[in-house]
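Just so you know, numbering that gives the first Met the number 0 puts 39 at position 40 of the sequence shown, and the rest follows in order with no gaps. Yeah, the Cβ is synthetic: ideal placement off N, Cα and C, and Gly gets one too. It should be emphasised that the depicted structure is a prediction, and the values quoted were computed from it without experimental measurement. Worksheet: one structure, shown below.
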Amino acid sequence: MPNTCCVTNCRDNYDAESKAAVFSFPKVEELKLKWIQAMPRRDLVVTKNTKGSEKNFTDDDIEIITTFYKESTGEKLIAKLQKPRFKEGATPKIFPHCPLYLTISKAARDGPEARKLNLEEKHLHKAIVESLLTKKQYDNKFSFSNFVEMQNCFSINEVPPFWSRIHKDKHIIF
């Protein structure tokens, strides 16, 4: 008999239509306790045959491909895994056949360091946008493509005081 999911009302791998990959409980005690607390069962006794289904994890928690960097050729190899595996620290969060209040749908909050980095990134992006806008305005103010536009540009805009300007016919001398 194939391994089945230990979550209440979950029928994964009980019949041919509901095939799903299953994972053993982690051997690390701390993570194992998190899994036990997350599972919606009061009478859960974990043995070597106790499994959780891939449907109880978010897509971010499961790896289906792996990458490898081959130093001899300098290429990055990507391979599909024969069976999916969960990422380090992943805990079950989705229980489709249980009441909705048992499924965790809230995204975890960022810690103070992450919030600080996000805020810095936001301010940096804003400063870059403002700087590019200022440069564009400056370029529009002082750019010209022919002599007439150049004359107009220097007659409208202030020229630095240490420059001397002499107009002669169709020439401007600085």
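Tell me where the beta strand (DSSP E) around residue i begins and ends.
{"i": "Ala-78", "result": "74-85"}
{"i": "Ser-142", "result": "Ser-142 -> no beta strand (DSSP E), and no H or E assigned at all."}
{"i": "Gly-51", "result": "50-52"}
{"i": "Lys-47", "result": "Here Lys-47 belongs to no beta strand (DSSP E), and DSSP marks it neither H nor E."}
{"i": "Thr-66", "result": "61-69"}
Could you give the distance in angstroms between the alpha-carbon of residue i and the alpha-carbon of residue j?
{"i": "Phe-24", "j": "Trp-34", "result": "7 Å"}
{"i": "Thr-7", "j": "Gly-88", "result": "23 Å"}
{"i": "Lys-135", "j": "Glu-112", "result": "34 Å"}
{"i": "Glu-70", "j": "Ile-77", "result": "14 Å"}
{"i": "Thr-65", "j": "Leu-80", "result": "7 Å"}
{"i": "Ala-126", "j": "Arg-108", "result": "26 Å"}
{"i": "Lys-121", "j": "Asp-60", "result": "27 Å"}
{"i": "Ile-172", "j": "Leu-118", "result": "50 Å"}
{"i": "Leu-43", "j": "Ala-37", "result": "11 Å"}
{"i": "Ala-20", "j": "Phe-67", "result": "23 Å"}
{"i": "Phe-22", "j": "Arg-114", "result": "33 Å"}
{"i": "Asp-138", "j": "Pro-159", "result": "17 Å"}
{"i": "Glu-74", "j": "Val-128", "result": "36 Å"}
{"i": "Ser-154", "j": "Leu-131", "result": "26 Å"}
{"i": "His-124", "j": "Gly-110", "result": "21 Å"}
{"i": "Ser-163", "j": "Glu-157", "result": "12 Å"}
Quick one, which of the options has its alpha-carbon nearest residue i's?
{"i": "His-170", "options": "Glu-148, Ala-89 and Ile-93", "result": "Glu-148"}
{"i": "Asn-55", "options": "Tyr-137, Pro-95 and Ser-142", "result": "Pro-95"}
{"i": "Ile-63", "options": "Thr-49, Gly-73, Ser-71 and Lys-82", "result": "Lys-82"}
{"i": "Asp-168", "options": "Ile-93, Ile-61 and Phe-146", "result": "Phe-146"}
{"i": "Lys-92", "options": "Ser-52, Leu-118, Arg-114 and Cys-152", "result": "Ser-52"}
{"i": "Thr-46", "options": "Lys-75, Asn-151 and Thr-3", "result": "Thr-3"}
{"i": "Asp-58", "options": "Asp-42, Phe-85, Tyr-68 and Pro-39", "result": "Phe-85"}
{"i": "Lys-140", "options": "His-124, Thr-90, Leu-131 and Cys-152", "result": "Cys-152"}
{"i": "Cys-5", "options": "Arg-41, Leu-30, Lys-50 and Glu-74", "result": "Lys-50"}
{"i": "Glu-29", "options": "Ile-165, Leu-123 and Thr-90", "result": "Thr-90"}
Run through the DSSP bridge pairs and tell me what residue i is partnered with.
{"i": "Ile-172", "result": "Ile-165"}
{"i": "Cys-4", "result": "Lys-50"}
**Prompt:** Which whole runs of the beta strand (DSSP E) in the region 14-41 are 3 residues long or more, in chain order?
**Reply:** 21-23
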